[in-house]
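Chains as they are written, first to last, in our numbering: chain A, 1083 to 1232; chain B, 1083 to 1232.
C-beta: ideal position from N, C-alpha, C; glycine also.
These numbers were taken from a predicted model, which means no experiment stands behind them.
Written below as structure tokens is the structure these notes are about.
There are 2 protein chains.
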Amino acid sequence: MITNTSALRDVLAGHGVKPTFQRLTILGAVMDNRSHPTIRALHAALVRKIPTLSKTTLYSTLELFAAKGLVRALTIDPAEVRYDGVPAPHHHFHCTACRRILDIEISCTNSRAGEIHGHRIDEVHGYFKGVCRDCRANDGRSVASPDRNK
Amino acid sequence: MITNTSALRDVLAGHGVKPTFQRLTILGAVMDNRSHPTIRALHAALVRKIPTLSKTTLYSTLELFAAKGLVRALTIDPAEVRYDGVPAPHHHFHCTACRRILDIEISCTNSRAGEIHGHRIDEVHGYFKGVCRDCRANDGRSVASPDRNK
DNA sequence: TTTCAATTTGTAATGATTACAAACACAAGC
DNA sequence: GCTTGTGTTTGTAATCATTACAAATTGAAA
């Protein structure tokens, strides 16, 4: 685990969010999981730590975190929202073969939020769609379906 | 109507798509509707022209168009996919108050497709989230809910 | 201990999307 | 003209993420 409880507690307190056990655990999971997990994946992973954890709590908590700017909701895959524990703007790559979402380090002059044409900008999203290197090497066939294993 | 039937017929033929009456009508609607309509909105608008038009046809046809590069599917709003009749890469602004999606003319060096880190890039998506000028002028309250009027 | 508000949970809707098979259209060949 | 066959369209029935809602729980303050 990269992030320890006291650090997480500080993050929550710094954003005016009461640090409950569920919230600490969920925030730690999202920040440590760098695969942009879905609610379903998070729930599957977290029920081991919190057997009674409900999906409703995950939905409401992640909505709260996103509103506070602690995490970012990615709507790249229309089937399911994915969550990114790194709220700083950065780009993504969505592979249409394996459905993974990868971080892309690329400079972008539009990443600085602010205002455009009078519209107030709160979030900047940039991503690419295509076939990732691994799937290309695999002749276009998916190398994995990380979140599709029901 | 901006696009006439013969022009639409050429577009479809040029992409190897058989120009049926439904496809011509649907393509014309998406290209003329610059509000990034949802399936629901398109269906509501098109049943006047094709009373028997089914939502299934809309789903399959727009999926076909998107695969052929004729239109672009926007997954900005997690509730519903929206369709853009302008397939050339350009930016969008999503207002979280009125839920509209506006076109944004802005230069972007990353809009040129190609390849990054070995990943083949087929589509480039860039958008901003925030509160649009109209809603800001209206004190943050939505100025309209174009697609929410059930 | 009591109280009260916030949080968490489980269950029941909601509604977009998909699966699927029947109905239909239309061109090629007879 | 008719027949055949393939591709298209349609309607209905699932699927499943998300939301709505109210009861249960927690925890701090009085």
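Identification of chain A residues near B/Y1209 by a Cβ-Cβ cut-off of 7 Å yields H1207, ordered along the chain. Bridge pairing for A/H1176: A/I1183, A/K1211 [DSSP]. Annotated three-state conformation of B/I1203 is strand, per DSSP. Those residues of the segment 1142-1164 of chain A placed with their C-beta closer than 8 Å to a C-beta in chain B are A1155, T1157, I1158, D1159, P1160, V1163, ordered along the chain. By the CB criterion at 8 Å, A/V1225 and A/D1216 fall inside the cutoff. For a cut-off of 8 Å, the C-beta gap from A/S1142 to A/P1171 is around 25 Å, too long to register as a contact.
Here DSSP, grouped into helix, strand and coil, assigns B/L1156 to strand.
Rounded to the nearest whole angstrom, the CA to CA distance from B/R1091 to A/D1114 is 51 Å. Within chain B, the C-beta atoms nearer than 9 Å to that of A/G1200 come from C1214, R1215, D1216, R1218, A1219, in chain order.
A contact is defined here as three or more CB-CB pairs under 8 Å, and the segment 1177-1185 of chain B fails this definition with respect to the segment 1133-1151 of chain B. Shortest Cα-Cα distance from B/C1214 to any of A/T1107, A/G1196, A/A1161, A/N1220 involves A/G1196. When secondary structure is reduced to three states using DSSP, B/R1223 falls in the coil class, being assigned neither helix nor strand. In this structure, the alpha-carbon of A/A1127 lies about 26 Å from that of A/G1098.
Here B/I1198 is bridged, per DSSP, to B/H1201.
Setting aside the 5 residues that flank it on each side, B/G1151 is surrounded in the same chain by H1097, P1169, each with a C-beta closer than 8 Å to its C-beta; the list follows chain order. Sequence-distant partners of B/K1137 (beyond 5 residues in either direction) whose C-beta falls short of 6 Å from its own C-beta, in its chain, are H1125. Counting along the chain, the unbroken alpha helix (DSSP H) around B/R1122 starts and ends at 1121-1128.
Straight-line spacing of the CA atoms in B/R1122 and B/F1175 works out to 21 Å.
B/R1164 sits in a strand when the DSSP states are folded into three classes. Residue-level contact check: A/C1190 touches chain B, since one or more beta carbons of chain B fall below 8 Å from its beta carbon. Here DSSP, grouped into helix, strand and coil, assigns A/S1142 to helix.
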